[in-house]
Amino acid sequence: DRARIKDNIAKGVLDKMGGINEQTFIAVKPDGVQRGLIGPIISRFENRGFKLVAIKMVVASKEHLEKHYSDLSDKPFFGGLVSYMASGAICAMVWEGRDVVKTGRAILGATKPSESSPGTIRGDYCIDVGRNVCHGSDAVESAQKEIALWFDKSEITSWKSAQQSWIYE
Ligand code: ADP
Numbered sequence: 016d017r018a019r020i021k022d023n024i025a026k027g028v029l030d031k032m033g034g035i036n037e038q039t040f041i042a043v044k045p046d047g048v049q050r051g052l053i054g055p056i057i058s059r060f061e062n063r064g065f066k067l068v069a070i071k072m073v074v075a076s077k078e079h080l081e082k083h084y085s086d087l088s089d090k091p092f093f094g095g096l097v098s099y100m101a102s103g104a105i106c107a108m109v110w111e112g113r114d115v116v117k118t119g120r121a122i123l124g125a126t127k128p129s130e131s132s133p134g135t136i137r138g139d140y141c142i143d144v145g146r147n148v149c150h151g152s153d154a155v156e157s158a159q160k161e162i163a164l165w166f167d168k169s170e171i172t173s174w175k176s177a178q179q180s181w182i183y184e
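Be aware that the sequence shown starts at 16, since it is given in UniProt numbering, and climbs by one per residue.
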């Protein structure tokens, strides 16, 4: 049964990959929210042609953030990371579109702002790796896990953009 569930998840990931319904989890971190960067961050995804299908403001608990960052639990900065992320409101979003996971990471820029190119969010708006203003899923599979962690299915809105045929061939 477990193998069947795993197969179904893998199939779901494959179904989404490359399609125009691929989804990613993007969050404006507490520093980004406090610095008034929700609008500029949303604009970059919107202007690129991606579709916003879920958005909410959340103050996340440490338990929730420990789950979100479970892969990093052995890193020396883990405690500080969780405290930073729990220190204020986060703007949590789901964006949809072809290759949105990969392109979303490019829009965000490298994890370390000193290595992120100007023109990316991190390359334009921050200096320290521990205050890098935004989060974006790093793979289609982690995007699906993160979306399920942060959103209830009922919070994700399915809508057809009038721009669709002007954005996709
Ligand atoms: P990303 O957010 O780009 O996927 P990681 O998953 O490696 O990067 O790290 C998660 C977050 O942890 C980063 O966005 C950053 O806020 C923080 N972080 C990563 N490396 C460090 C570090 N060396 N010192 C402090 N914080 C860090």
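Backbone N, C-alpha and C define an ideal beta-carbon position, used for all residues, glycine too.
Enclosing beta strand (DSSP E) for residue i [first to last residue]
| i | result |
| --- | --- |
| V68 | 66-73 |
| V43 | 38-43 |
| G151 | 149-151 |
Residue i Cβ short of 6 Å to the ligand ADP heavy atom set
| i | result |
| --- | --- |
| V148 | no |
| G138 | no |
| L96 | yes |
| T126 | yes |
| V144 | yes |
| D153 | yes |
One or two residues paired with residue i in a DSSP bridge
| i | result |
| --- | --- |
| V109 | F40, A69 |
| P133 | T135 |
Alpha carbon of residue i to alpha carbon of residue j, nearest angstrom
| i | j | result |
| --- | --- | --- |
| R120 | E61 | 15 Å |
| L87 | S180 | 40 Å |
| E81 | S173 | 29 Å |
| E184 | E111 | 16 Å |
| Q178 | V68 | 15 Å |
| I182 | P91 | 43 Å |
Endpoints, alpha helix (DSSP H) assigned at residue i
| i | result |
| --- | --- |
| W165 | 155-165 |
| R59 | 53-63 |
| Y99 | 93-101 |
| E116 | Checking the sequence, you will find Val at residue 116 rather than Glu. Taken as a continuous stretch (DSSP letters only), the alpha helix (DSSP H) holding V116 covers 115-123. |
| I182 | 179-182 |
| K77 | 77-83 |
Pairing CB atoms from the region 100-111 with CB atoms from the region 121-132, are three or more of them under 8 Å?
no
Looking at C-beta atoms only, is the number of pairs between the region 134-141 and the region 112-119 that lie closer than 8 Å three or more?
no
Taking 8 Å as the threshold, find out whether the region 142-157 comes into contact with the region 39-46 through three or more Cβ pairs.
yes
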